[in-house]
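Asks:
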Amino acid sequence: MPRLCCVPGCKSNYKSTLKNEELQTTFCFPNEESLQKLWLKAIHRDNYSITKHSVVCCKHFTEGEIRRFEVFKDKDSVFQERPLARPTLKRGAVPHIFANLPKYMSTPEPKARRDPEERQKECIQRETDQIEAFLNDDLIVDFDEFKLLVQTKTVLKNWCLKTCGEVFYFYLLNTDCDVLEEGVKVINSIVIHSDMTVQVFLHNTELSPNDLRWILPERKLQRWSQIENLLTRYSFAQHTDLDGTFHLKKAHEHLISAIAILNQQNSKHLTTLELLKDQLSLITSKKVYNMPTFFSLIIFNQSSSTYEHIRDYLILPTSRRLKQISSEFNVSPILDKERKNSYLQHAASNLSDREKIVCLLIDEIYVKTGLQYKAKNVTGFAENDPTKLAKSVQTFMISSAFANFKEVVRLVPADELSQIVLDVIRYIQMEGFKVLCVITDNNRVNQKVFRCLCNGDVYFSNPSDPAEKIFTLFDFVHIFKNIYHNWLNLKNFEHTFLYPNYNNFDVQEKASFENIRSFYKNEIEKLTKLAYKLNDKTLYPNNLERQSVVLANNVFHESTITALKTCSSYSSTANFLQIVHDWWRFINVKNTLKGTHKRNDHSCPIIPFHENIKFLKKFLNWLDAWHQNIQNVGLSKDTYNGLKHSTSVMIKIVDYSFEHFPVEYVLCGKFQTDNLEKRFGRYRYLSGCNYHISFNQILESEKKIRLQNVLKTCNTEFDLKELRNSSLTSEQDTFSLDISDFLFILETDYLISYDVDEAVKIYICGPFSHKKN
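So, in structure tokens, the structure goes:
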């Protein structure tokens, strides 16, 4: 007996309906409780009790929810379909079609999903039809059709249209501009000929066929879309050169115009624009380096590895090219002693008379002993004794007394100075400079040299003009450090100076270095400190740290003085620090605004009849009173003599300068050897940041520095031919090696005379024989 459907109003499989329809497939209620509730809710029989005979017929499901076939693999591994004896429902199916109940109780049957492949084919066909229709409509049959439909098929916007016989013109006028300085003119134009060939003009310049290849491969107009693209593209005078050459040339022209204008305004951006201009020209033309050469030489001399990295981003000369240019310059310090070097003359030619008044700075730098051969020269011998290797190099530098010019003039690998100083002075003055004073540190050797030159006075006659004076000075920085060293080296109780009161020489006071150390120890655990400049290195320096002027300045710093004055027992030490501090602040003035920034009159430049001269004279009186005291516990003899000598000479130099030179002020900080010490540091930096460098490394470093200084004053539009003809080049620095001078070595038996391995012989002689061939 067939199972009867339990859905209200459904008569499937009833006897009354089987007469008119076939037996309907029925499905039992699912075993899952949640799904059973959904079925009961769907058939609207909430209180219905489900039994094993409760079923729902297939009329209440869609065919897509019923599985009537199964797929299986036959013996040939081919997938086949066969009907199920008992159809089943797909998982989750719920009855939702109720034909005998109100419509709102049924859920509409979802549309069957179409085959994705059929849908894709239909979309492709539709797009193909649209494209074909567009292309057919876009096609221009001939010139007559073009003339007939051009105004309806194109959007002209700002373009004007004109027909002249068998030629059609589109042209763009400058009537949109606010100011018409040159009247109305055609900016761009497009010409269509009867054979449909096209010409495009930008600012009276016709574009080549290659420029139009992007839209007109055959240079003929065939479609309406092509003319639309042309009108849009050239509506703003834009160029379409594929390689960008046109744009680069225009940019180069604009840069040249901008440089010409800014040059009249002395703009600070000129150097940057010059570099950009040269980079643009190098992209499109033959590589003739102008401005980049200066930039390149400066970077290359500082760091060759950095320069190679920069070449990855800029078009710059190769390292070999730079070495070639460097060798052309006759600036080697080797030629200074032979007076064959025009470097100083070139430097003097760019200076005013006031800038040519210089101080001669003398100091020595210790070098690594050894001989080095380079460019037909052997360096490393001591000049005063050619049988010995040089241990130090005496360096002579001139530094402008009233300006910022500074330059090394002589490098001498010797210890003796008495025979060299006068010769160097003559050489300097032959090149156009005037020496005002000679400055060096106050060691015994230099003291002896000054005594020989001055014969007991503080100056000597100028060898070039006996009527002029050349003063001798000991470096104030070295003296300042020596005061600090003398105090540290005291062997008495608490490292104590006994010195006269500054205002009353009859009153003796004590300055104890232990007071400073005690104050530092009291503050060492505090978060905020009064004497914030003090530290362990300052108060307990080793031998190397004692050479630092920074540590000496920390002791005599105004913060240290102010801190000690807060404690009455340290007041006499603070007074001594104040005296030395005032003297140092007066002597160490290097710019005109220091006094304004520091709000201190002692740091102002000296002008005629300045009050600071009185301070220096009183300081000398105090110094004499200290040294002449029977109970004197003070500076060493060398430090005292150097301090007194240099301070008194400084007063004389100030008076002499105002009397003989057209200067408005004098800066005492210019009369120091700081510039020379900085040059020593630069030598070490350019020699690979090594402290102990050789004499040859010093020569090479000095040549690099001079080369940079020369380039800063040269015309940027130079070339190598112009350089060879200048006074800064000579054959002393450039030569070609004649291999014939060494051929006789190959004919001798010197290698046979020694027990040299055969492989070593080949290694040594192979490259030379290759070069010869």
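Numbered according to the UniProt record's numbering, the sequence shown spans residues 1 to 773. Backbone N, C-alpha and C fix where the C-beta goes; we use that ideal spot for every residue, glycine too. Being a predicted model, the structure only gives us computed values, none of them experimental.
Determine the contact status of H597 and F556, defining contact as a CB-CB distance below 8 Å.
Replies: The answer is no: Cβ separation not under 8 Å.
Asks: Just to confirm my understanding: we take L84, look at its own chain, exclude 5 residues before and 5 after, and list those with CB closer than 7 Å. What are they?
Replies: The answer, listed in chain order, is R67, R68, F69, E70.
Asks: To test your reading of the DSSP string, which unbroken alpha helix (DSSP H) runs of 4 or more residues are found completely within the UniProt domain "THAP-type" (1–98)?
Replies: Counting whole runs of 4 or more residues, the UniProt domain "THAP-type" (1–98) contains the alpha helix (DSSP H) stretches 15–18, 33–43.
Asks: Is there contact here, the segment 433–443 with the segment 352–365, by at least three beta-carbon pairs under 8 Å?
Replies: At 8 Å Cβ cutoff, the stretches touch.
Asks: Just list the alpha helix (DSSP H) runs in the segment 397–465, keeping only unbroken ones of 4 residues or longer that don't cross its boundaries, in chain order.
Replies: Taking only runs of at least 4 residues, the alpha helix (DSSP H) segments lying wholly in the segment 397–465 are 421–430, 444–454.
Asks: Reducing DSSP to helix, strand and coil, say where C359 ends up.
Replies: Looking at C359 - three-state DSSP - the assignment turns out to be strand.
Asks: Just the Cα atoms here: how many angstroms apart are N229 and K153?
Replies: Cα-Cα distance, rounded: 13 Å.
Asks: Taking only the alpha-carbon atoms, compute the straight-line gap between D624 and V589 and give it to the nearest angstrom.
Replies: C-alpha separation (whole angstroms): 24 Å.
Asks: Within the same chain, show all residues whose beta-carbon is closer than 7 Å to that of F201, passing over the 5 residues directly before and after it, in chain order.
Replies: Answer for F201: N188, S189, listed in chain order.
Asks: CA-CA distance, I140 and Q125?
Replies: Cα to Cα, I140 sits roughly 25 Å from Q125.
Asks: Contact check, V367 vs A390 under 8 Å by CB: the rounded distance?
Replies: That belief holds up - the Cβ atoms of V367 and A390 are roughly 6 Å apart, short of 8 Å.
Asks: What are the partner residues of C567, as DSSP defines its beta bridges?
Replies: Paired residues: none, contrary to the question.
Asks: Can you list, in chain order, the residues of its chain whose CB lies under 7 Å from that of F433, leaving out five sequence neighbours each side?
Replies: Contacts found: A348, K356, V358, I398.
Asks: Taking the CB atoms as reference points, tell me whether A511 and S572 lie closer together than 8 Å.
Replies: Yes; because the gap between Cβ atoms is below 8 Å, this pair is in contact.
Asks: Using the DSSP secondary-structure output, state which residues sit across from L282 in a beta bridge.
Replies: Its beta-bridge partners do not exist; DSSP assigns none.
Asks: Express the C-alpha separation of I131 and T107 in angstroms, rounding to a whole number.
Replies: Going from the Cα of T107 to the Cα of I131 covers about 42 Å.
Asks: For K618, which option in T647, K594, F61 has the closest C-alpha, if you only look at C-alpha atoms?
Replies: Ranking the options by Cα distance to K618, first place goes to T647.
Asks: Sort out for me which residues DSSP pairs S392 with in a bridge.
Replies: According to DSSP, which records beta bridges pairwise, S392 is partnered with Y366.
Asks: What are the boundary residues of the alpha helix (DSSP H) that includes I131?
Replies: Start and end: 116–138.
Asks: Output the distance between the C-alpha atoms of E63 and D46, rounded to the nearest integer angstrom.
Replies: One C-alpha to the other measures close to 26 Å.
Asks: With DSSP run on the structure shown, which of helix, strand or coil describes A511?
Replies: Three-state result, A511: strand.
Asks: Pick helix, strand or coil for Y532, following the three-state DSSP scheme.
Replies: DSSP places Y532 in coil when its eight states are reduced to three.
Asks: Between A237 and the rest of its own chain, which residues show a CB-CB distance below 7 Å, the 5 nearest in sequence each way excluded?
Replies: In this prediction, A237 has a pLDDT of 47, which is less than 50 and means its spatial position is unreliable; what the coordinates show is noted afterwards. The residues are I187, N188, L202, H203.
Asks: Among all the DSSP beta bridges, which residues are the ones paired with N377?
Replies: N377 is bridged to K374.
Asks: With DSSP as the reference, identify every bridge partner of N575, one or two as the case may be.
Replies: Its beta-bridge partners do not exist; DSSP assigns none.
Asks: Just reading off the beta strand (DSSP E) that H602 is part of, what are its end residues?
Replies: Premise fails: H602 is in no beta strand (DSSP E) and is neither H nor E.
Asks: Express the C-alpha separation of L417 and Q578 in angstroms, rounding to a whole number.
Replies: Straight-line Cα distance between these residues: approximately 37 Å.
Asks: If the criterion is Cβ atoms closer than 8 Å, does the pair P605 and F658 meet it?
Replies: No, they are not a contact pair.
Asks: By Cβ distance, which residues of its chain are closer than 6 Å to E731, with the 5 residues on each side in sequence left out?
Replies: Interpretation of E731 is limited by its pLDDT of 43, a score under 50 that renders its predicted location unreliable; no figure is taken from the coordinates.
Asks: Would you grab the beta carbon distance between L316 and I325 for me? Rounded to a whole angstrom, and I think it's under 8 Å.
Replies: No, L316 and I325 are not in contact; Cβ-Cβ is about 12 Å, not under 8 Å.
Asks: Out of N575, R3, R354, Y484, state which residue places its alpha-carbon closest to the alpha-carbon of N404.
Replies: Nearest of N575, R3, R354, Y484 to N404, Cα basis: R354.
Asks: If you count every other CB in all the chains shown that lies within 10 Å of the CB of Q697, and 16 or more means buried, which is it?
Replies: Classification of Q697: buried, given that the 10 Å Cβ count is 16 or more.
Asks: Using DSSP with H/G/I as helix, E/B as strand and the rest coil, what is R223?
Replies: Strand at R223.
Asks: Would you list the residues sitting across from F474 in a DSSP beta bridge?
Replies: Answer by DSSP bridge pairing, in chain order: T440.
Asks: Pull up the CB-CB distance for T175 and V167, whole angstroms please, since I reckon it's below 8 Å.
Replies: Not quite, the Cβ-Cβ distance comes to about 23 Å (not below 8 Å), so this is no contact.
Asks: Would the segment 84–104 and the segment 45–61 be scored as touching if the rule is three or more Cβ pairs under 8 Å?
Replies: Cβ pair count under 8 Å is three or more, so yes.
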